[in-house]
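Novice: Using my numbering, read the sequence shown as starting at 1 and increasing by one per residue. Using N, Cα and C, we set each Cβ at its ideal position, and we do this for glycine too. Given the structure is predicted, the values throughout are model-derived calculations rather than measurements. Encoded as structure tokens, here's the structure I'll be asking about.
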Amino acid sequence: MNEHTQQKIGVVGGGLMGHGIAYLFAAAGHHVNVFEPFSDMRNSLPRRLLAIIELLGDDPRLLKRIAAHDSLEIAMGGADWVFEAAPEKLPVKQEIFAAIEKLVAPSTILASNSSAIPSTEIGRHLKNRERMIGTHFWNPPHLVPLVEVIQNERTSGEVVERTMQLLRRAGKVPVHVRRDIPGFVGNRLQHAMKREAIALVAAGVCDAQTIDTVVREGFGARTAVLGPMEQADLVGLDLQLNVAEVLYDDLDRTAGPHPFLRDKVKAGKLGMKTGEGFRKWTAKEADAVRSRLSRFLAEQAKARRQNVRHADERTA
Ligand SMILES: NC(=O)c1ccc[n+]([C@@H]2O[C@H](COP(=O)([O-])OP(=O)(O)OC[C@H]3O[C@@H](n4cnc5c(N)ncnc54)[C@H](O)[C@@H]3O)[C@@H](O)[C@H]2O)c1
């Protein structure tokens, strides 16, 4: 078994993340078996996968490499890797891996896509904990390049390296997160910014729409090509320090979630799904946001593939 050849991938849960994970591995040439216990989700899987085919203009024949099963035993049989994308509940995930451990070879790598539960906890009762790893895909996993590969306190270096290699070869951009901490890296950064954004709106400094404009049209316009650390190096750390001296004491330090957010949730203002969150949304406006995002991510994904193809042709 090696990550350069066709692998047998087991995916647990065929929901929002599971179907995208299944797709990206099938598109990379691997065989994917999805375990999905609910018949409605199993039955809707082909339709959801076809929608990705249409979005990306891929060959529908690649879907022949994906099969959905109601039997965990059949779905996991012979798997080289297992990617779990089941509901975000620790006992559910522990139970799943306890069952899978009995069904797969000792060499099978066991990965959880949990966004918040440490894989250290998920794998706590496994016999061989060195093969348990966190792989945090971003939604939608077939379009967003990043995968955070989280090495927990027991994961072996070899399991990290092989998983990174598998993901790289499937066109993903894996990063090695060396400690199994809440929020890993991406969500810590994202929520640090949202924490300040919520506090600014709560304090009446600006409205929610202004926050979105500032991020999208300001520093967000360059973040796809310039990360915050290289941006700091670009402007100079002396300037970074000067700004930090003036600004940091003024940034929000509310302990726990801001009351402004708690009040919104208490009032049933949950965002697009209820017509109002930080901003007000008609169904049409909400649909326009969703399709703008989907189109943008699909265009980016196609452009990246095109670049890879051109690079391959140059080196051929
Ligand atoms: N939604 C996101 O943006 C996102 C991003 C990164 C990570 N995650 C993580 O991915 C995991 C899955 O999230 P999702 O958004 O795809 O959820 P989802 O509800 O869309 O999918 C979960 C699927 O698991 C199935 N399921 C239920 N019980 C099961 C069981 N016992 N065994 C196997 N499958 C079972 C459900 O029928 C469903 O199809 C969670 O751990 C979540 O935290 C989600």
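Cα-Cα, which of I52, A286, T254 is closest to A298?
Specialist: Of the listed residues, the one whose Cα sits closest to A298 is I52.
Novice: In terms of alpha-carbon separation, which member of F97, P60, L143 lies closest to A301?
Specialist: When only C-alpha atoms are compared, the closest one is L143.
Novice: So, with DSSP's three-state summary, where would you put P37?
Specialist: Correct three-state label for P37: coil.
Novice: Could you tell me if D263 is buried or exposed, where buried requires 16 or more neighbouring beta carbons within 10 angstroms of its beta carbon?
Specialist: Exposed, since its Cβ has fewer than 16 Cβ neighbours within 10 Å.
Novice: Between the alpha carbons of R158 and G10, how many angstroms are there, rounded?
Specialist: First, the residue type needs correcting, since residue 158 is Glu and not Arg in the sequence shown. One C-alpha to the other measures close to 20 Å.
Novice: Distance check for N242 and L72, CA to CA, integer angstroms please.
Specialist: Distance between the alpha carbons of L72 and N242: 57 Å.
Novice: Does P174 come out as helix, strand or coil in the three-state DSSP assignment?
Specialist: DSSP places P174 in strand when its eight states are reduced to three.
Novice: Taking 6 Å as the limit between beta carbons, can you name the residues of its chain near M1, skipping five residues before and five after?
Specialist: Note that M1 scores 45 on pLDDT, short of 50, meaning its location in the model is unreliable and no value can be drawn from it.
Novice: Does ligand 1 have a heavy atom nearer than 8 Å to the CB of P87?
Specialist: True, at least one ligand heavy atom lies under 8 Å from that Cβ.
Novice: Report the rounded CA-to-CA distance for G220 versus V12, giving the unit in angstroms.
Specialist: Rounded to the nearest angstrom, the two C-alpha atoms are 34 Å apart.
Novice: With DSSP as the reference, identify every bridge partner of H69, one or two as the case may be.
Specialist: F35, per the DSSP bridge assignment.
Novice: Distance check for P174 and A28, CA to CA, integer angstroms please.
Specialist: Near 15 Å, if we compare the C-alpha coordinates of P174 and A28.
Novice: If we count Cβ pairs, one from each stretch, closer than 8 Å, do we get three or more for the region 152-171 versus the region 122-139?
Specialist: Segments in contact, yes.
Novice: Which word fits G57, buried or exposed, when buried means at least 16 other C-beta atoms lie within 10 angstroms of its C-beta?
Specialist: Flag for G57 reads exposed.
Novice: Let me make sure I understand the geometry here. Which of E84, I198, M229 has the alpha-carbon closest to that of P257?
Specialist: Out of E84, I198, M229, I198 has the C-alpha closest to the C-alpha of P257.
Novice: Quick one: what's A199 bridged to in DSSP?
Specialist: Per DSSP, none; premise fails for A199.
Novice: I want to check one thing, is the minimum distance from the CB of K127 to the heavy atoms of ligand 1 below 8 Å?
Specialist: It does not: the Cβ of K127 is nowhere closer than 8 Å to a heavy atom of ligand 1.
Novice: For ligand 1, is there any heavy atom lying closer than 8 Å to the beta carbon of N43?
Specialist: Outside the cutoff, so no.
Novice: Can you list, in chain order, the residues of its chain with a C-beta nearer than 8 Å to that of L226? Leave out the 5 residues immediately preceding and following it.
Specialist: Cβ neighbours of L226 beyond the five flanking positions: L234.
Novice: Can you tell me whether DSSP reads I133 as helix, strand or coil?
Specialist: Reduced to three states, the DSSP call for I133 is strand.
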